[in-house]
Amino acid sequence: MLKKFRNPIIFALILLPIALIGGFFTSIYLEETYDPALLAEMLKQAGISDIFTLHIITAVQIAGQMLLLGFFGYILAEKTGLLKSFKISKSGLVSTIVLTVIGSIIFIALEYGVFANLIPEIAVTYEAKPTVAYMISCLTYGGVLEEIMMRWFLMSLLIFIIWKLFFKKEQSAPRGVMIGVNIVVALLFAAGHLPTTAMTMGITPLILVRCFTLNSLAGLICGHLYMKHGIQYAMLSHAGFHILWKIFWILFI
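Position in the sequence shown counted from 1, then plus 396, gives you our numbering.
Structure follows, in structure tokens:
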């Protein structure tokens with residue numbers, strides 16, 4: 397039995413240090429966004445004595461979640477045919493770079509050229525430059541862990557369920573199902589950003605349009621790369637979006 401699950405276990409364990417780092421620095425980043433009085437009240441209600449303990453607890457909780465999602469995601473990816481070689485190929489890398497650069501240009505043009513001019517709350521958020529904790533959180537939690545949650549696990553799960561429920565006579569999940577699920581997961585990925593968006597700038601119809609447009613764009617590209625080349629390319633693209641956007645933010649805003 398253990399031999400049967402050897403690869404999923406190894407994959408999940410490889411994720412563990414990244415999850416601990418991502419969870420820890422994401423907690424620090426969130427601390428930077430909270431009002432000090434609100435944060436103190438949250439710690440008091442949770443029975444936590446100091447902020448460092450909160451960061452450790454958050455890191456351990458996220459690491460636990462990633463162990464499960466990494467393990468079961470591996471099994472689902474294998475069953476749906478989405479498990480690819482983890483070796484980096486030239487074609488996969490070129491495709492990732494091209495799509496990420498094009499996607500980032502569109503993202504920056506819309507965010508800085510359109511939405512920042514239409515929504516004053518956005519311009520305010522860019523007055524302060526990204527912190528080190530924020531950057532590490534973006535690359536680890538965003539670039540790796542969100543892809544494990546949204547593509548590796550959720551996308552694979554939905555494809556598997558729809559395939560077995562409606563297309564069980566097919567030997568593999570139809571391409572149309574994969575494309576449809578990619579769109580749905582990209583929208584869910586965008587919706588997952590709404591709590592942070594609401595906390596930092598509130599919610600209006602235009603802010604909703606911005607949230608779903610920009611995040612769905614990145615989600616669709618990452619989903620496509622996952623389906624065609626493998627999860628590592630979705631991770632590279634997700635991290636690449638963050639890197640290119642933050643470089644533009646630091647240098648030009």
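Idealized CB from N, CA, C, for every residue including glycine.
In this structure, G469 lies away from F420, with their beta-carbon atoms at least 8 Å apart. Per the coordinates, the alpha-carbon of I518 lies some 19 Å from the alpha-carbon of I639. Assignment of H625 by DSSP, reduced to helix, strand and coil, places it in the coil class. When the alpha-carbon of L495 is set against those of F648, A635, K400 and M597, the nearest one is in A635.
Straight across, the Cα-Cα distance linking V528 with W645 is about 14 Å. Within a 10 Å sphere around the beta-carbon of V540 sit 16 or more other beta-carbons, which makes this residue buried.
No residue range can be given for A569, since it is assigned to no alpha helix (DSSP H) and is classified by DSSP as neither H nor E. Of the residues assessed, N513 falls on the exposed side of the cut-off, its CB having fewer than 16 other CB atoms within 10 angstroms. Contact between the region 472-482 and the region 622-632 is present: 3 or more CB-CB pairs across the two stretches fall below 8 Å. Here T429 is near M595, since their CB atoms are less than 8 Å apart.
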